[in-house]
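Notes follow once the structure below has been shown.
Numbering (my numbering), first residue to last: 33 to 118.
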């Protein structure tokens, strides 16, 4: 399983709304591109199935934004100086 859609063991992110979803037996799922996606509700699954590539790109964009924010905070905390791991 791709970690892009997995938040904690047994929990997944709904690619449409971003909500945490459990992988219990009655979970709402869709398979696309050899991967299972989990949804909070049927309407999110239907939206995903209309255009799955859109939500895959959305997830990638979200992760890039999170990484950019982390690097910006790190840069601010270190005054832009490289840090050494001893």
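Even glycine gets a Cβ: it sits at the ideal position worked out from N, Cα and C. None of the values given here were measured: they were computed from a predicted structure.
Based on DSSP bridge pairs, tell me the residues matched to residue i.
{"i": "residue 80", "result": "Per DSSP, none; premise fails for residue 80."}
{"i": "residue 54", "result": "43"}
{"i": "residue 62", "result": "69"}
Buried or exposed: where does residue i fall if 16 or more other Cβ atoms within 10 Å of its Cβ makes it buried?
{"i": "residue 88", "result": "buried"}
{"i": "residue 47", "result": "buried"}
Could you name the residues of the same chain whose beta carbon sits closer than 8 Å to that of residue i, not counting the 5 residues immediately before and after it, in chain order?
{"i": "residue 43", "result": "52, 53, 54 and 55"}
{"i": "residue 62", "result": "68, 69, 71, 77, 80, 81 and 84"}
CB-CB under 6 Å to residue i, same chain, minus the five flanking residues each way: which ones, in chain order?
{"i": "residue 75", "result": "none"}
Leaving out five residues on either side along the sequence, give the residues of the same chain with a beta carbon under 7 Å from the beta carbon of residue i.
{"i": "residue 64", "result": "84"}
### Query
How do the region 65-73 and the region 47-57 stand: do at least 3 beta-carbon pairs fall below 8 Å, yes or no?
Pairwise C-beta distances place the region 65-73 in contact with the region 47-57, as three or more of them are shorter than 8 Å.
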